[in-house]
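Undergrad:
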Amino acid sequence: MKLAFVGGTGPEGLGLAIRFAASGHQVCIGSRTTQRGEEGAAKVAAAVPGASVMGGENAAAVVGADVVFLTFPYSGQAPTLESLGGALDGAVVCDVVAPLEFVRGKGAVALEVPGNSAAEEASTALPNARVVSAFQNMSAEKLMELDKSVDADVLVCGDDEEAKGIIIGLANEIDGVRGVDSGALSNSRYVEMLTSLLINLNRVHKTQTSIRIAGA
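In terms of the working numbering, the sequence shown opens at residue 1 and continues consecutively.
#1: Does the distance from the C-beta atom of Val204 to that of Cys157 stay below 8 Å?
#2: Specify, as a first and last residue, the run of the alpha helix (DSSP H) that Lys43 falls within.
#3: Can you name the start and end residues of the alpha helix (DSSP H) that Glu141 belongs to?
#4: Assign Arg130 to buried or exposed, taking buried as 16 or more other Cβ atoms, counted over all protein chains shown, within 10 Å of its Cβ.
#5: For Glu38, which residues in the same chain have their Cβ closer than 6 Å to its Cβ, ignoring the five residues on either side in sequence?
#6: Following the continuous beta strand (DSSP E) through Met54, name the residue where it begins and the one where it ends.
#7: Report all residues from its chain with a CB closer than 8 Å to the CB of Val180; omit the five preceding and five following residues, and keep chain order.
#8: Any idea what DSSP makes of Gln26, helix, strand or coil?
#9: Please classify Pro114 as buried or exposed, where buried requires at least 16 other C-beta atoms within 10 Å of its C-beta.
#10: Report the start-end ranges of each beta strand (DSSP E) in the region 75–148 that is 3 residues or longer and not cut off at the edges.
#11: Are the region 181–201 and the region 29–47 in contact at 8 Å, needing three or more beta carbon pairs?
#12: Helix, strand or coil for Lys2 per DSSP?
#13: Of the residues Pro79, Val48, Met193, Ile199, which one's Cα is nearest the Cα of Ala98?
#14: Can you list, in chain order, the residues of its chain with a C-beta nearer than 7 Å to that of Ala108? Leave out the 5 residues immediately preceding and following it.
#15: Here's the rule I'm using: 16 or more other beta-carbon atoms within 10 Å means buried, otherwise exposed. How should Gly85 be labelled?
#16: For a test of the three-state rule: what should DSSP assign to Ser31, helix, strand or coil?
#17: In this structure, what does DSSP give as the bridge partners for Phe69?
#18: Measure the C-alpha to C-alpha separation of Ile18 and Gln77 and round it to an integer number of angstroms.
#19: I need the straight-line Cα distance from Gly15 to Val150, nearest angstrom please.
#20: Gly176 lies in the alpha helix (DSSP H); which residues open and close that run?
#21: Among Met1, Lys43, Gly24, whose alpha-carbon lies nearest the alpha-carbon of Glu12?
As structure tokens, this is what we get:
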């Protein structure tokens, strides 16, 4: 599959791109400028020799993509999706955005967002796309260490069962990862909030935490 990463030059986007490139997928790193997208693609190519990878502006990156990952800070979601317009019509869009801010003395704090969750806001902004929510709780550091198992469950939320199945399948390709059907897109609110907790646990315990769901 061709997988595009909008805002893919950050740690999470690059980590996912590296893992999926290693699985044999074609990946395209998008950014606000062609130069930054190409620089991100070069990092993936260096991590996965022989990978099929390219980079460019966000609008160019999503052309012909089977799945588009949104991997930018929450503050960039509305303007980025507005700029892409109808380019994502009909596409499976995986929102990896976790709305949070860092507060002195508290650490990471989950933000209350008007649309209940970042994923639901993305779905509203992209009425003709097949929006799914996943991968917010993944450690970018672990994703980039190809020689190590990630050891995590990925909570996948969405109202389009086929699109959700595609994302679960991709999650299962990552060594040590299991994609877990987590119900409707509205449940993304709780998954997104978990990210702040994990960041704070990492800080307290000097480690890289992850989520495992027992019994599912």
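Using N, Cα and C, we set each Cβ at its ideal position, and we do this for glycine too.
TA: So, to answer that:
#1: Their beta carbons are not under 8 Å apart, which means Val204 does not touch Cys157 by this criterion.
#2: Boundaries of the alpha helix (DSSP H) harbouring Lys43: 34–47, taken from the DSSP string.
#3: Counting along the chain, the unbroken alpha helix (DSSP H) around Glu141 starts and ends at 140–144.
#4: When all chains shown are included, Arg130 counts as buried.
#5: Cβ within range, chain order: Gly55.
#6: Membership of Met54 in the beta strand (DSSP E) is indicated by the continuous run 53–57.
#7: Closer than 8 Å at Cβ, skipping near neighbours: Asp153, Val154, Leu155, Val156, Ile168, Ile213, Ala216.
#8: DSSP places Gln26 within a strand segment (E or B) once states are collapsed to three.
#9: When all chains shown are included, Pro114 counts as exposed.
#10: Considered as a whole, the region 75–148 harbours 92–95, 100–103, 107–110, 130–133 as its complete beta strand (DSSP E) runs of no fewer than 3 residues, in chain order.
#11: The region 181–201 vs the region 29–47: no contact.
#12: Strand.
#13: Nearest C-alpha to Ala98: Met193.
#14: A distance below 7 Å between beta-carbons, with the five flanking residues on each side excluded, links Ala108 to the following residues of its chain, in chain order: Leu100, Phe102, Ser196, Ile199, Asn200.
#15: The residue is exposed, with fewer than 16 neighbouring Cβ atoms inside 10 Å.
#16: It is a strand residue.
#17: Per DSSP, Phe5, Cys94.
#18: When rounded, the distance between both Cα atoms is 23 Å.
#19: Put simply, the backbone Cα of Gly15 is about 11 Å away from that of Val150.
#20: It is not in any alpha helix (DSSP H) - Gly176 carries neither H nor E in the DSSP assignment.
#21: It is Lys43 whose Cα lies nearest to the Cα of Glu12.
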